[in-house]
Amino acid sequence: MSLPTGYALRESTPSVAAFIRLRRAAGMADRSREAVARGLPNTTYGVHVVEVGRGDPGDEPVGMARIVGDGGSVFHVSDMAVADAHQGRGIGTAMMDALVAWLRGNAPDGGYVNLLADVDGFYERWGFEESAPASKGMWVRTEALSER
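Quick note: the UniProt record's numbering has the sequence shown finishing at residue 148, numbered continuously throughout.
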């Protein structure tokens, strides 16, 4: 896991405000402050990257990624984000390397690791592959859930 000079990886999630800011800076869909405040403490393992040498290094995360799940059989890689101004420097690779290293050391054999990818060709280097046609990823936003 190697970051370019001027960056440091922290093994924790960013603050709620930084999480919301980073998703926007990476062009990802917004999450409500309430949802983020509830969700971040339930992270199984998370990392964020800060720029160092520019004031307080803890103030401005420029990347984040986390794993959520039950800690035993299901692990979901989520919220992988790098601010647009910092993309293409290996930050996402370093964060994914950290997540995979954690999984190798902590996830029991037989566990299932999944993710929803918005970028083609990135996650394959860690062994991820499309699940179709054996299975298909599906999703729904909570506001669209209805009783049937």
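All C-beta atoms, glycine included, are put in the ideal place defined by N, C-alpha and C.
When the Cα atoms are used, what is the spatial distance from Arg125 to Trp139? For Arg125 and Trp139, the distance between alpha carbons rounds to 25 Å.
Give the DSSP-derived three-state secondary structure of Ala8 in the structure shown. Strand at Ala8.
Cα separation between Gly128 and Gly88? Residue 128 is actually Phe in this sequence, not Gly. Rounded to the nearest angstrom, the two C-alpha atoms are 20 Å apart.
Straight-line gap, Pro57 to Asp109 (C-alpha atoms, nearest Å): Note that Pro57 scores a pLDDT of 49, beneath 50, so its modelled location is shaky; the value from the coordinates is reported in the next line. Whole-angstrom Cα-Cα distance: 37 Å.
Expected contact under 8 Å - CB spacing of Asp30 and Arg21 to nearest Å: Asp30 to Arg21, Cβ: 11 Å. No contact.
Would you identify the three-state DSSP class for Val119, choosing helix, strand or coil? coil
Just list the residues that DSSP pairs Met64 with in beta bridges. Per DSSP, His48 and Ala81.
Pairwise C-alpha distance: Ala144 and Leu99: A straight-line Cα-Cα distance of about 31 Å links Leu99 and Ala144.
Please classify Ala83: is it buried, with 16 or more other beta-carbons within 10 angstroms of its beta-carbon, or exposed? buried
Neighbourhood of Gly6 by C-beta distance below 7 Å, restricted to the same chain and skipping five residues each side: Glu51, Val52 and Gly53
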